[in-house]
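Notes follow once the structure below has been shown.
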Amino acid sequence: MSLIKALNGNTGIDHVLITVTGSQRDVHGEENTIELFTHGRSQVKNGVHYISYQETEISGMEGATTLLKIYTDHVILVRMGQVDQRQEFRIGERCLSSYVTPYGTIQMGVRTTSLTVTRTEDNKWVTGVHIKYELEIDGQWQSANTLNVVVQGDKKNGH
C-alpha cells in the first residue's frame, strides 16, 4: 500500500491550502523561482507530521504526488507518479537520492544548509517548512536552492 493511500485511510486528516515556492540560483547567478498554490492534506501520526499534495504542470511534475514527512530534526520528501524520488534533508549532511523519470534516472546529492519548521501555537500542526540546500547532479554542483512550504487551514472544506 502506498504512503498516500495509507494516510488517506486514517482519520484526523485536515484538508489544507498549500503554497510551495521553490527557487534555484545557478553557477552564473541566474535565479529561477516557481510558485504553486494547491489543496492538500495534513496529518500527524506517531509524532511525524505528513503533508501531501498533487504536483501540477507549473512544477513540471504533473501527475505526481508529493509527500513531506516532517520529523523534529529532518524532512523527507517523497514523490510518486510521473517521477519517483525520496530525498532527505538533514542539516550539515550530504544526502544522496535517485530521481526517476520516464526518460531515465538522475543521481542527486543534497547538502542542507538551513531547515526550519514552523508550527501552530499549541505545537499540534506544521504551518511551514523552510529549507535551504545545495544541489548536485551526478556529483557536480548545480545550484543553491530554497524550498518554502506554507500550510493553511482550508476554509472551503471546513477547516
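Residues 1 to 159 (full-length UniProt numbering) make up the sequence shown, in order.
Heads up, the beta-carbon is just placed ideally off N, CA and C, and yes, glycines get one too.
Closest residue to residue i among the options (Cα-Cα distance)
i: residue 62; options: 43, 50, 84; result: 84
i: residue 45; options: 106, 153, 68; result: 68
i: residue 106; options: 98, 24, 112; result: 98
i: residue 109; options: 25, 102, 136; result: 136
i: residue 104; options: 134, 130, 82, 121; result: 82
Proximal residues to residue i (C-beta, below 8 Å), its chain only, five neighbours per side dropped
i: residue 119; result: 125, 126, 127
i: residue 93; result: 111, 112
i: residue 139; result: 107, 109
Classification of residue i by the beta-carbon crowding that lies within 10 angstroms, buried from 16 upward
i: residue 87; result: buried
i: residue 77; result: buried
i: residue 39; result: exposed
i: residue 114; result: exposed
i: residue 49; result: buried
i: residue 57; result: exposed
i: residue 27; result: exposed
Beta-bridge pairing of residue i - partner residues as DSSP gives them
i: residue 26; result: 143
i: residue 35; result: 21
i: residue 15; result: 41
i: residue 123; result: Answer is none; residue 123 lacks a bridge partner.
i: residue 153; result: 16
Terminal residues of the beta strand (DSSP E) in which residue i lies
i: residue 129; result: 126-137
i: residue 81; result: First-last for residue 81: undefined, no H or E at that position.
i: residue 104; result: 104-119
i: residue 91; result: Careful: residue 91 lies outside any beta strand (DSSP E) and carries neither H nor E.
i: residue 72; result: Counting along the chain, residue 72 falls outside any beta strand (DSSP E), and DSSP gives it neither H nor E.
Contacting residues, own chain, Cβ-Cβ under 6 Å from residue i (five flanking each side not counted)
i: residue 20; result: 36, 149
i: residue 79; result: 64, 66, 85
i: residue 132; result: 113, 114, 146
i: residue 209; result: The structure shown does not extend to residue 209, since the chain is modelled only from 1 to 159, so the question has no answer here.
i: residue 18; result: 38, 40, 53, 151
Residue-chain proximity (residue i, chain B), Cβ-Cβ < 9 Å
i: residue 89; result: No chain B appears in this structure, which consists of one protein chain only.
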